[in-house]
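Residue numbers (this note's numbering): 1 to 324.
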């Protein structure tokens, strides 16, 4: 008997100096007081960072507890493992983030403590005029060139800058040097890792009057200098007219759904993270019952098999899941 159901989770908030208030004012998150709410980790099982089931029979359980008790029901037989392998978040970047890079799995496994690598993708929800992301290095940039630029405070000269608007998607395999520009509200799907090597911080001085720590040698070692500049993703039509493929890699698949009448999501033996980015939606079997709008995220367990999604008007939704 299936004991799992589609559920929403209480997010984990992260405050950083580059954050703002749009997680609350735009996405409706209960962020409370303070000026620098940077990230809302919607679905996370990473050490002490744990999203918590919001309603139904599992209310109050952490994602780690749900994985431990219902591993195969949640993740599916093909994907059952000790921890939830993906992390889904929203980011509010009021200023440009540091230039950083994440390691691949093999390098991350050698760290203390060990971690997963971090391949990730961004979807732009809102962008102020002139907003940029930095994704990859310009052709011909090698380790020595980048190291010298970092030491001279001129890292951006060798970075590939891309103007972005709402609806753009960027895919960043582990080893890609990158930075999110100011004025952006972003949804991100990634491996469940929190390992970041900061290469350059735009000469930013923190609240304590000191620059933040850099990890230049580790970052250079993690960088894939063969990758070159990263283009924007081109959505690819699928055999379902309302679904476009944004990203497909060995770590996750990310689709964008657009629909204005009820549709069925089939889990296909794996769990799905679905998130509303426009309109309002109700999910069959959600104990909260009422429809929910922009910024609301559900975890659909593998064992649910199929669920009806009912829109109120036109809905745009992101759907992330593990590849076969």
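Ideal placement from N, C-alpha and C gives every residue a C-beta, glycine not left out.
Under the assumption that residue i contacts residue j (Cβ atoms under 8 Å), give the Cβ distance between them as a whole number of angstroms.
{"i": "residue 159", "j": "residue 138", "result": "7 Å"}
{"i": "residue 232", "j": "residue 277", "result": "At roughly 17 Å, the Cβ-Cβ gap does not stay under 8 Å, so residue 232 and residue 277 are not in contact."}
{"i": "residue 124", "j": "residue 194", "result": "Actually they do not touch by this definition, with Cβ atoms about 22 Å apart."}
{"i": "residue 261", "j": "residue 323", "result": "Rounded, the Cβ-Cβ distance is 28 Å, inconsistent with contact."}
{"i": "residue 40", "j": "residue 10", "result": "Contact flag wrong, Cβ pair sits at about 10 Å."}
{"i": "residue 227", "j": "residue 176", "result": "6 Å"}
{"i": "residue 12", "j": "residue 44", "result": "6 Å"}
{"i": "residue 91", "j": "residue 189", "result": "With a Cβ gap of about 12 Å, residue 91 and residue 189 do not count as contacting."}
{"i": "residue 302", "j": "residue 74", "result": "6 Å"}
{"i": "residue 240", "j": "residue 279", "result": "That belief does not hold up - the Cβ atoms of residue 240 and residue 279 are roughly 18 Å apart, past 8 Å."}
{"i": "residue 157", "j": "residue 149", "result": "6 Å"}
{"i": "residue 20", "j": "residue 94", "result": "4 Å"}
Measure the CB-CB distance between residue i and residue j and report whether it falls below 8 Å.
{"i": "residue 306", "j": "residue 281", "result": "no"}
{"i": "residue 271", "j": "residue 71", "result": "no"}
{"i": "residue 46", "j": "residue 192", "result": "yes"}
{"i": "residue 99", "j": "residue 133", "result": "no"}
{"i": "residue 257", "j": "residue 236", "result": "no"}
{"i": "residue 325", "j": "residue 101", "result": "Shown here, the chain extends from 1 to 324; a query on residue 325 therefore has no answer."}
{"i": "residue 6", "j": "residue 283", "result": "yes"}
{"i": "residue 79", "j": "residue 135", "result": "no"}
{"i": "residue 15", "j": "residue 34", "result": "yes"}
{"i": "residue 183", "j": "residue 121", "result": "no"}
{"i": "residue 173", "j": "residue 234", "result": "no"}
{"i": "residue 309", "j": "residue 253", "result": "no"}
{"i": "residue 142", "j": "residue 225", "result": "yes"}
{"i": "residue 67", "j": "residue 57", "result": "no"}
Identify the continuous alpha helix (DSSP H) that holds residue i and give its terminal residues.
{"i": "residue 152", "result": "Looking at the DSSP string, residue 152 is not in any alpha helix (DSSP H), and its letter there is neither H nor E."}
{"i": "residue 105", "result": "105 to 109"}
{"i": "residue 216", "result": "216 to 222"}
{"i": "residue 25", "result": "22 to 25"}
Please classify residue i: does DSSP put it in a helix, a strand, or coil?
{"i": "residue 66", "result": "helix"}
{"i": "residue 9", "result": "strand"}
{"i": "residue 158", "result": "helix"}
{"i": "residue 198", "result": "strand"}
{"i": "residue 209", "result": "coil"}
{"i": "residue 294", "result": "coil"}
{"i": "residue 266", "result": "strand"}
{"i": "residue 92", "result": "strand"}
{"i": "residue 1", "result": "Any reading at residue 1 must be qualified, since the residue scores a pLDDT of 48, below 50, and its modelled position is unreliable; no value is offered."}
{"i": "residue 47", "result": "coil"}
{"i": "residue 32", "result": "coil"}
{"i": "residue 240", "result": "coil"}
{"i": "residue 146", "result": "helix"}
{"i": "residue 299", "result": "strand"}
What first and last residue would you give for the beta strand (DSSP E) that runs through residue i?
{"i": "residue 312", "result": "306 to 321"}
{"i": "residue 125", "result": "120 to 127"}
{"i": "residue 40", "result": "37 to 43"}
{"i": "residue 255", "result": "253 to 259"}
{"i": "residue 279", "result": "272 to 283"}
{"i": "residue 245", "result": "243 to 248"}
{"i": "residue 100", "result": "99 to 101"}
{"i": "residue 79", "result": "From DSSP, residue 79 is part of no beta strand (DSSP E); its letter is neither H nor E."}
{"i": "residue 132", "result": "132 to 137"}
{"i": "residue 179", "result": "178 to 180"}
{"i": "residue 191", "result": "184 to 191"}
{"i": "residue 170", "result": "169 to 172"}
Buried or exposed: residue i, going by 16 or more other Cβ atoms within 10 Å of its Cβ?
{"i": "residue 274", "result": "buried"}
{"i": "residue 209", "result": "exposed"}
{"i": "residue 31", "result": "buried"}
{"i": "residue 155", "result": "buried"}
{"i": "residue 48", "result": "exposed"}
{"i": "residue 8", "result": "buried"}
{"i": "residue 219", "result": "buried"}
{"i": "residue 81", "result": "exposed"}
{"i": "residue 115", "result": "buried"}
{"i": "residue 304", "result": "buried"}
{"i": "residue 1", "result": "Because the pLDDT at residue 1 is just 48, under 50, the model does not fix this residue reliably, and the point stays unresolved."}
{"i": "residue 205", "result": "exposed"}
{"i": "residue 207", "result": "exposed"}
{"i": "residue 146", "result": "buried"}
{"i": "residue 42", "result": "buried"}
{"i": "residue 22", "result": "buried"}
{"i": "residue 238", "result": "exposed"}
{"i": "residue 62", "result": "buried"}
{"i": "residue 129", "result": "exposed"}
{"i": "residue 289", "result": "exposed"}
{"i": "residue 201", "result": "buried"}
Compare the C-beta of residue i with all C-beta atoms of chain B and state if any pair is closer than 8 Å.
{"i": "residue 19", "result": "Chain labels in this structure do not include chain B; a single protein chain is all it has."}
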